[in-house]
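Asks:
There are 4 protein chains.
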Amino acid sequence: MFANIYLSMQNKLKIINDPVHGFIRIPHEILFDVIEHPYFQRLRRIGQTGLLNLIFPGATHTRFHHALGAMHLMFTALETLRQKGIKITEEEEKGAMLAILMHDIGHGPFSHALENMLMDDWHHEKLSLLLMHKLNEEFAGQLSLAIEMFQGKYHRKFFNQLISSQLDVDRLDYLNRDSFFTGVSEGNINTQRIISMMNVCGEGELVIDAKGVYSIENFLTARMFMYWQVYYHKTSALAEFLLVKILERAKYLVSQGMDLPAGENLKYFLHRAKSSATDEDIYRFNQLDDNDIIHAMKSWQNSEDFILSYWCQCVIQRNLPKTVISTRPFDPEFVEEKIKKTNEFFGIDNGKELVHEIKRKLLPYDTEKQPIYLLQKDGKKIRLEESQDQLLSGLMVHKTARYILTFPRDISQTIS
Amino acid sequence: MFANIYLSMQNKLKIINDPVHGFIRIPHEILFDVIEHPYFQRLRRIGQTGLLNLIFPGATHTRFHHALGAMHLMFTALETLRQKGIKITEEEEKGAMLAILMHDIGHGPFSHALENMLMDDWHHEKLSLLLMHKLNEEFAGQLSLAIEMFQGKYHRKFFNQLISSQLDVDRLDYLNRDSFFTGVSEGNINTQRIISMMNVCGEGELVIDAKGVYSIENFLTARMFMYWQVYYHKTSALAEFLLVKILERAKYLVSQGMDLPAGENLKYFLHRAKSSATDEDIYRFNQLDDNDIIHAMKSWQNSEDFILSYWCQCVIQRNLPKTVISTRPFDPEFVEEKIKKTNEFFGIDNGKELVHEIKRKLLPYDTEKQPIYLLQKDGKKIRLEESQDQLLSGLMVHKTARYILTFPRDISQTIS
Amino acid sequence: MFANIYLSMQNKLKIINDPVHGFIRIPHEILFDVIEHPYFQRLRRIGQTGLLNLIFPGATHTRFHHALGAMHLMFTALETLRQKGIKITEEEEKGAMLAILMHDIGHGPFSHALENMLMDDWHHEKLSLLLMHKLNEEFAGQLSLAIEMFQGKYHRKFFNQLISSQLDVDRLDYLNRDSFFTGVSEGNINTQRIISMMNVCGEGELVIDAKGVYSIENFLTARMFMYWQVYYHKTSALAEFLLVKILERAKYLVSQGMDLPAGENLKYFLHRAKSSATDEDIYRFNQLDDNDIIHAMKSWQNSEDFILSYWCQCVIQRNLPKTVISTRPFDPEFVEEKIKKTNEFFGIDNGKELVHEIKRKLLPYDTEKQPIYLLQKDGKKIRLEESQDQLLSGLMVHKTARYILTFPRDISQTIS
Amino acid sequence: MFANIYLSMQNKLKIINDPVHGFIRIPHEILFDVIEHPYFQRLRRIGQTGLLNLIFPGATHTRFHHALGAMHLMFTALETLRQKGIKITEEEEKGAMLAILMHDIGHGPFSHALENMLMDDWHHEKLSLLLMHKLNEEFAGQLSLAIEMFQGKYHRKFFNQLISSQLDVDRLDYLNRDSFFTGVSEGNINTQRIISMMNVCGEGELVIDAKGVYSIENFLTARMFMYWQVYYHKTSALAEFLLVKILERAKYLVSQGMDLPAGENLKYFLHRAKSSATDEDIYRFNQLDDNDIIHAMKSWQNSEDFILSYWCQCVIQRNLPKTVISTRPFDPEFVEEKIKKTNEFFGIDNGKELVHEIKRKLLPYDTEKQPIYLLQKDGKKIRLEESQDQLLSGLMVHKTARYILTFPRDISQTIS
């Protein structure tokens, strides 16, 4: 009986306050309708950067806000292209805005961290697409063009490139937003400047006006700094890692017959056997958000399983294990010693559960996967790294890796 | 066995990123220790502005961050006073920083909204004081001076005025922070400017250098705009109101013998009879945060009680009832008609549960309660509103009130 | 022979960096051409806020930059109106952008301060119009619509209101820009927010969407703070006053037969007798800028006339006379005494030349001259001050005045 | 008689508004006194970035403001070091603040561009030192420590490093300030973050806490972007080049007996023969500022010398010659052809005067000249480029060069 309440007419907000981009306008009715749908409202309860707020307390912003921000940048980008003489129909505008609005709709609790944990072999893009199709049914096909663009099947390539490439509005928004909310100014990019340099070349491909070369290089370095200073910060990497281990442990314990307190829907997934997604899976997945995981971890602090309770206390009380970082993998003997100390300190024999090497790697600028093109004054496009003006791009084409070893804080004290 | 894990040595962060104030330094060990205590870590899970993020999606910031920010401003204020020749000892500095750090420690889930709902007749300041005393025991009396300052018992009055007055660092931080995270620039104040104008007059009272008069007036108008545009925005007022009604309803249903799903600790309070606070009350209260309420509301959407499920859906799916606002109380006949329509529309007879008048009032500048004083060049202090330079203060000494009527959205459609 | 160099093709910049608004685009060829004309380039050498940089060292920005900024805000405003369904032709867009671009083109050195000093009875709007007509000839009538709009003769009233009213893009830009460059954050307004609330009502009049009421009130208070804190700051008022006195004195000395060093064109005006403007007047006026006045004052520091040299030293060495400020006119006896002391101190008998009362007055919101209208949801327009939501507008409809007495600094020392 | 007016007591500003750093405090009397001295006030009339405002219209800020900003950063840096336990006496604080305040006092009109033009073989640092000594006499030796620090003779090396090294407060201020005023956000650095990472190691050398590595790399890339995007922008390089050529030409013409209009002091230098600096030289140099050059160029637009008038028109009317840029020197044949076209177009035979190659080169991070050191947790210092955390520093140790060819705009039109 109440299931349809959300379908009733709403107080249609036409303008949303965004501290990052200023006002966000919602120029089309269908965008409203998607925003108001419970699938999308759920994103209000999914953090954009997971447990990063343990390290950067301002980073409490949500996927919901990011999706709106990216939609706004898409609008700005399309307006800019129009001012440069590129024809874009209203239908295309709607499609592109809807596609980017929905691009994260398949994210589960804690986004990337728990991807595949609840529903094996389901990553968020697969789920996003599935949910887009469900919504498309509800909205009588109004999302078809958006889905086409999202999948890269639409003939004008730049729409898909604005949705998903090395310089898409998704990245522009999340870098800008994450830098804003974390307060890490090294990651600050000027999206207005970058977007104002966007263009479309003859073949319908997204390019950057040549004079924007430094804005793009600044974007690439800012992104690299954000990765190593924020997303791959050793404590961030650790927190994300713990989340995964906690869920793994919980599923393992449940499989061993232990009864773990949890909300109804989370419990469903802890007990669910590997299989392809059913309608019930989808329904229940859409009820889950960060809240369910936090709530469970709070009560699991008192679990009789030492490992589970230890990790949950670590996270909830922000009393995190120790980490050391290196540019090379750790010496197995060094790791072995940490395990031994852990066993001794806690009087346990599965200390290896508490000692782990975490690896993070980054390719700052990928010349293979949709390279960035500059549009020269003579109308020719050229790869960024081949421009005579580039200063750093040519240097950023190699992967960097870092190795993080984590072990209980207490044992390090016994050592030092 | 694991209860004391948090007491073990921590990864002592000395600098915390804050997008509002830049870096926050933690200059004293005892400040760390309090920050790392689970009582304080709990504030990470209590939003600074409750459900306001339903209206301002950026407003997901926490009491934890606010408390750190206020502590930082206290440090800055004391440094400024020292540069003006006011002697402040290190003990006083510690005391003042600890006091403001802990000033919100007694906040329960959703702060003000649910104050008194879980534990009747307990407001957050009473609880904060109680928890400060508990912490003081744990920290062997190191918080005594802080508590004295918090209570206004310390002989140098300006410390308490910096903690709690019309121009305290609490207000400076929350206005600045809430304006930052909501994106409502009308509430933006320049805390650096205001603090740089602070001074202490002969009797040890906090005053503002006369030339700072416009910064103060700007602060007062910014605050007024924040109240009417953000905190008392009709939808904000409504969301807060719904939260209260939901908890009231839940307690009522429980008292009628209904079994409502909820986490263990929330359940405890739903069943708790009125009485003075026991040790168990305090313990369990400290386990609660916003998360418990959201988790409960998510499951109560499916309650068999129409009122409870209706409200919870309203909040969780952000499908809020309609509101109209007025400078005068609503005509009882108008209200009566809304109730009638509600009964008709839903086929219920307790429609009056869904129609409410909410009142909000504000005194922009209170000349009675700790008025703001200016320090003139001749060394005399003078009330802000009596200064010959003031432009608006004298006009902001009267209360303004607004009345908000809420009723189900659906019935308004049947009308129009 | 070289006179026409500027008419040759230029390096057509399409984007100009503006720290205030981000990038400024120049979407039409004719806008370029006007910008590149020497009449307009001259504005690069006319400061936006005259000698205010003596008090606010950042305030070195120019009329040139302001004119570009205002043109940019006009573009943004028109785009916003279009998104709300108001039809605006490309010709109208060009006209409105040209009109605001040229609105200050008649400003002479030090803008308002020296208005009428060089050419009596010529204020800058009269000159602007005259120069617009001259340009219109050069540009073969392409500026006709702009001139019509500037004069308020175009039938769609909102264009003129965007150019010149209590809430025009001129004010929006200068408040924003002056606050930015002075660093006086109390004057900071969010132009994006204000513009996004603009609308046009049935009769073609500029209105503000009702929900923007606080943004408008914030604009009015910010403007008031800027006047009293910056433009009418007692030292700013003094500096502007000295400039006028210096030019007056120079003209007087020249009329008495003294030979004062000055550039050729400034000399022309010092010697020019009162009369209506000739073609030579116009030509020479267009050669003048702040530079000529500063250059002259630098050499006049060594004039044999005590008064002139004293004032020029005051300004050039920033060794300004003393000022006291009051809400009431000064007592004639008090003034008399200052004159007496001045005569004694310097051993002169025209000390009254160095003692002056300067008056400044402001009406924060003028309900007579183009009041601000709100557009209610029901489509009716209502005066801002009559809205039920307004908090301060109704209180800002009265004039405030301040009186500043200035006298030589040295004499105040002999007294105290 | 009036020469000492500036020595009389002044309206001692204790706080100066700075849009870049917020308020600047002046904590010591002697700092005031130096600021009020005409030597320092002269810097108000010397632009920080010369003719760059022809390209970036916001860049009208002055050396005066920069010197105050750098002084403020020095204060902040010393406070930070104190909070980290480094002892710094009040005398040292005064010395360091005075030294940075005066570091640019020897700049002549248009700073670097015209260095050595007026007084051969005198660069600004030599002149700054000479003027510091003169001031030191006037201030009875109060500047001795400052001069010692400026010259690097003080035993605690970090004071000099804060004044002049690859990471000094001079660079921090000018990068931040120039980015702010130009609006080129790629050059934006967060000085607060960088300063908070400063430290002093055992030997008294300036180092950066290891965790600040990305802030430093961000600073180095931002600086590199500022050079190529702003300072070495081809049009910036051209404008600066024209200024030099104009002065050279003027001196040449004067040496040939031509009478060029100019203010008295500029005329003096145009006529001055090469020789070591006399007292009169110094006196007259201190009367000169940007104003004198602009004023002269305005009148030289009408010079009978074609070359001089052409260049002055180019600058004053912002009708600049054409430029092309390359990573390699230009082919002599290509240059020859441009000269030929120029001769043909203008009907002159000294067309080579109007065709020039300008070279700019940059070493982003100089590992030889005062390399940047990181302070590791273990207390050891390590070169930035050798840190395992560095991402880009190791790649920025090579020089980059660009070649700019300029020739009259008109001839390029005859070609195309």
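Residue numbers (my numbering), protein chains in the order written: chain P, 10 to 425; chain V, 10 to 425; chain E, 10 to 425; chain Y, 10 to 425. Cβ coordinates follow ideal geometry from the N, Cα and C atoms, glycine included.
1. Within 8 Å, do at least three Cβ pairs link the region 91–106 of chain E to the region 275–288 of chain E?
2. Of all Cβ atoms in chain E, is any one closer than 8 Å to the Cβ of Y/Val193?
3. Helix, strand or coil for E/His112, going by three-state DSSP, please let me know.
4. Which parts of the region 154–228 of chain Y are runs of the beta strand (DSSP E), unbroken and 3 residues or longer, counting only runs that do not cross its ends?
5. Quick check: the region 60–72 of chain P against the region 109–126 of chain P, are at least 3 beta-carbon pairs closer than 8 Å?
6. Could you work out which residues of chain V lie near Y/Ile55, taking near to mean beta carbons separated by less than 8 Å?
7. Taking the straight line between their C-alpha atoms, what separation do you get for Y/Pro373 and Y/Thr230?
8. Suppose the cutoff is 7 Å on Cβ atoms and the five residues either side in sequence are ignored; what does the same chain contact list for E/Asp419 look like?
9. Near V/Leu371, what residues of its chain come up, given a Cβ to Cβ distance below 6 Å and the 5 sequence neighbours on each side ignored?
10. Between the region 212–243 of chain Y and chain P, which residues of the former have CB atoms less than 7 Å from a CB of the latter, in chain order?
11. Taking the DSSP output, what are the residues bridged to E/Ile25?
12. Who are the near neighbours of P/Asn197 in its chain, counting only those whose CB is closer than 6 Å to its CB and skipping five residues on each side?
13. Out of Y/Pro47, Y/Gln50, Y/Phe65 and Y/Leu40, which has the shortest C-alpha to C-alpha gap to Y/Tyr240?
14. Taking E/Ile109 and E/Ala79 to be in contact with their CB atoms under 8 Å, please state how far apart those CB atoms are, rounded to whole angstroms.
15. What residues in the region 27–42 of chain Y have a beta carbon less than 8 Å from any beta carbon of chain V?
16. Strictly below 9 Å CB to CB, what residues from chain Y border V/Ser205?
17. Does DSSP classify P/Arg392 as helix, strand or coil?
18. Return the CA-CA distance between V/Thr85 and V/Met207, expressed in angstroms with no decimal places.
19. Please confirm if E/Asp301 has its CB atom under 8 Å from at least one CB of chain Y.
20. Under a three-way DSSP split, which group does V/Asn13 fall into?
21. Report the residue from E/Cys323, E/Asp314 and E/Phe339 whose alpha carbon sits nearest the alpha carbon of E/Thr244.
22. The beta strand (DSSP E) spanning Y/Glu366 covers which residue range?
23. Helix, strand or coil for P/Thr409 per DSSP?
24. Might you give, ordered along the chain, the residues of its own chain that have their beta carbon closer than 6 Å to the beta carbon of Y/His81, omitting 5 neighbours on each side?
25. Which value, in whole angstroms, describes the spacing of the CA atoms of E/Lys350 and E/Val222?
26. Looking at chain C, is there any beta carbon in it that lies within less than 8 Å of the beta carbon of V/Arg293?
27. Bridge partners for P/Thr71 per DSSP, in chain order?
28. Would you mind giving the Cβ-Cβ distance between P/Leu269 and P/Ala259, rounded to the nearest angstrom? I have them listed as a contact below 8 Å.
29. Would you say P/Arg202 faces chain E, with C-beta separation under 8 Å as the test?
30. Check whether chain Y comes within 8 Å of V/Gln326, counting only Cβ atoms and requiring the distance to be less than that.
31. Give me whichever residues DSSP pairs with E/Lys331 in a beta bridge.
32. Output the distance between the C-alpha atoms of V/Arg54 and V/Ile303, rounded to the nearest integer angstrom.
33. Taking just the CA atoms, how far does Y/Ala76 sit from Y/Ile35?
34. Quick one: which chain V residues come within Cβ less than 8 Å of Y/Gln385?
35. Measuring straight from C-alpha to C-alpha, what distance separates Y/Ile391 and V/Gln238?
36. Within this structure, are the beta carbons of Y/Phe315 and Y/Ile357 separated by less than 8 Å?
Replies: With the given structure in hand:
1. The answer is no - the region 91–106 of chain E does not touch the region 275–288 of chain E, with fewer than three Cβ pairs under 8 Å.
2. Residue contact with chain E for Y/Val193: present (Cβ-Cβ distance below 8 Å to some residue of chain E).
3. Residue state for E/His112 is assigned as coil, using DSSP reduced to three classes.
4. 207–209 and 215–218, all fully within the region 154–228 of chain Y.
5. A contact exists between the region 109–126 of chain P and the region 60–72 of chain P.
6. Those do not exist, as Y/Ile55 stays about 29 Å from chain V at its closest Cβ, beyond 8 Å.
7. Using only the alpha carbons, I get a separation of about 8 Å.
8. Excluding positions up to five away in sequence, the list reads Phe354.
9. Cβ neighbours of V/Leu371 beyond the five flanking positions: Tyr236 and Thr409.
10. Against chain P - using a Cβ distance shorter than 7 Å - the residues of the region 212–243 of chain Y are Tyr223, Ser224, Asn227, Thr230, Met233, Phe234, Trp237 and Gln238.
11. E/Ile25 is bridged to E/Ile33.
12. Excluding positions up to five away in sequence, the list reads Ser188.
13. Ranking the options by Cα distance to Y/Tyr240, first place goes to Y/Phe65.
14. Their Cβ separation, rounded to whole angstroms, is 5 Å, which keeps E/Ile109 and E/Ala79 in contact under 8 Å.
15. Under the 8 Å Cβ criterion, the region 27–42 of chain Y contributes Gly31, Phe32, Arg34 and Pro36.
16. Ordered by position in chain Y, the residues that pass the 9 Å Cβ test against V/Ser205 are Ile24, Gly31, Phe32 and Arg34.
17. Here P/Arg392 sits in strand by DSSP.
18. Near 11 Å, if we compare the C-alpha coordinates of V/Met207 and V/Thr85.
19. Judged by the 8 Å Cβ criterion, E/Asp301 is in contact with chain Y.
20. Below a pLDDT of 50, predicted positions are generally treated as unreliable, and V/Asn13, at 33, falls in that range; the measurement from the model is reported next regardless. Assignment of V/Asn13 by DSSP, reduced to helix, strand and coil, places it in the coil class.
21. Out of E/Cys323, E/Asp314 and E/Phe339, E/Cys323 has the C-alpha closest to the C-alpha of E/Thr244.
22. His365 to Leu371 is the extent of the beta strand (DSSP E) around Y/Glu366.
23. Reduced to three states, the DSSP call for P/Thr409 is strand.
24. Exclusion of the five residues before and after Y/His81 leaves His30 and Ile33 as the residues of its chain whose Cβ lies within less than 6 Å of its Cβ.
25. One C-alpha to the other measures close to 52 Å.
26. This model lacks chain C altogether; the protein chains it does include are P, V, E and Y.
27. According to DSSP, P/Thr71 bridges with P/Gly56.
28. Going by Cβ atoms, the distance from P/Leu269 to P/Ala259 rounds to 6 Å, so yes, they are a contact pair.
29. Chain E, which has a Cβ nearer than 8 Å to the Cβ of P/Arg202, makes this yes.
30. Chain Y, which has no Cβ nearer than 8 Å to the Cβ of V/Gln326, makes this no.
31. According to DSSP, E/Lys331 bridges with E/Phe416.
32. Here the C-alpha atom of V/Arg54 lies approximately 11 Å from the C-alpha atom of V/Ile303.
33. Here the alpha carbon of Y/Ile35 sits roughly 12 Å from the alpha carbon of Y/Ala76.
34. For Y/Gln385, there are no neighbours in chain V by C-beta distance under 8 Å, as the nearest C-beta there is about 16 Å away.
35. Pairing Y/Ile391 with V/Gln238, the inter-Cα distance amounts to about 53 Å.
36. Cβ atoms of Y/Phe315 and Y/Ile357: closer than 8 Å.
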